[in-house]
Ligand SMILES: [Zn+2]
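In this note's numbering, the protein residues as written are 28 to 250.
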């Protein structure tokens, strides 16, 4: 391999890390406040790491809670994601909405005004949330440099294309930009199943002439 080959390979690897957007499928999950954690898992209890997520600092905890909806239907063993937050929030799919007898709206994380509540059950007690259940608005996390390379900005709404037999276009995907982020598109289980996409598969932002159109070629270059 010549020096030029090595430089080309290194450049492509950098571009791939910055511009290729893998899918991260979110199953239903709960974020807990300190106060609710105390009630559900005991005073001063802490979350235990099960698996780190792609977004730095975020993790799936060993702890789970049960969700009890107004119809008294229960969804068991719903994963808690860490770290703790200011306010508890439960993210479910549209299918879960039906099962629990709820009508949670599609919302950005943290925008909880007017959202329905739910009962959380843990090993030490239960909490009745007055609000906080949402269907997460599908979104793409990007660092600032990735956003520049992909020619998008924070809160821009884009369409996204997936590959494969059941490939589809997702409209109304929100771009979120922060230097705390790694490139990743978050969709829920219903959305993933509808287009047959798997975790870590790459997606494309439509109508953007930018390097990520070359992701397939970059992938083959790795082999
Ligand atoms: Zn996300």
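Backbone N, C-alpha and C fix where the C-beta goes; we use that ideal spot for every residue, glycine too.
Candidates the options, of which the one nearest residue i by Cα
i           : options           : result
residue 167 : 145, 32, 52       : 52
residue 221 : 121, 35, 40       : 121
residue 135 : 113, 151, 202     : 202
residue 129 : 113, 153, 99, 210 : 99
residue 208 : 157, 87, 83, 43   : 83
residue 54  : 232, 215, 226     : 215
residue 189 : 62, 218, 116      : 218
residue 197 : 75, 186, 69, 36   : 186
residue 154 : 62, 38, 172       : 62
Three-way DSSP call (helix, strand, coil) for residue i in this model
i           : result
residue 192 : coil
residue 30  : helix
residue 121 : helix
residue 181 : coil
residue 59  : coil
residue 94  : strand
residue 73  : coil
residue 250 : Reliability fails at residue 250, whose pLDDT of 44 lies under 50, so the model's placement of it is uncertain and no value is given.
residue 86  : strand
residue 129 : coil
Beta-carbon separation (whole angstroms), residue i vs residue j, contact threshold 8 Å
i           : j           : result
residue 111 : residue 60  : 6 Å
residue 56  : residue 118 : 6 Å
residue 67  : residue 147 : 6 Å
residue 159 : residue 114 : 7 Å
9 Å Cβ cutoff, residue i in contact with chain B
i           : result
residue 163 : Chain labels in this structure do not include chain B; a single protein chain is all it has.
Identity of the residues DSSP links to residue i by a beta bridge
i           : result
residue 216 : Per DSSP, none; premise fails for residue 216.
residue 161 : 118
residue 106 : 56, 91
Notebook entry, point to check: Taking any heavy atom of ligand 1 as the mark, which residues have a C-beta closer than 6 Å to it, listed down the chain?
Noted result: Having a Cβ closer than 6 Å to some heavy atom of ligand 1 are 166, 168, 213.
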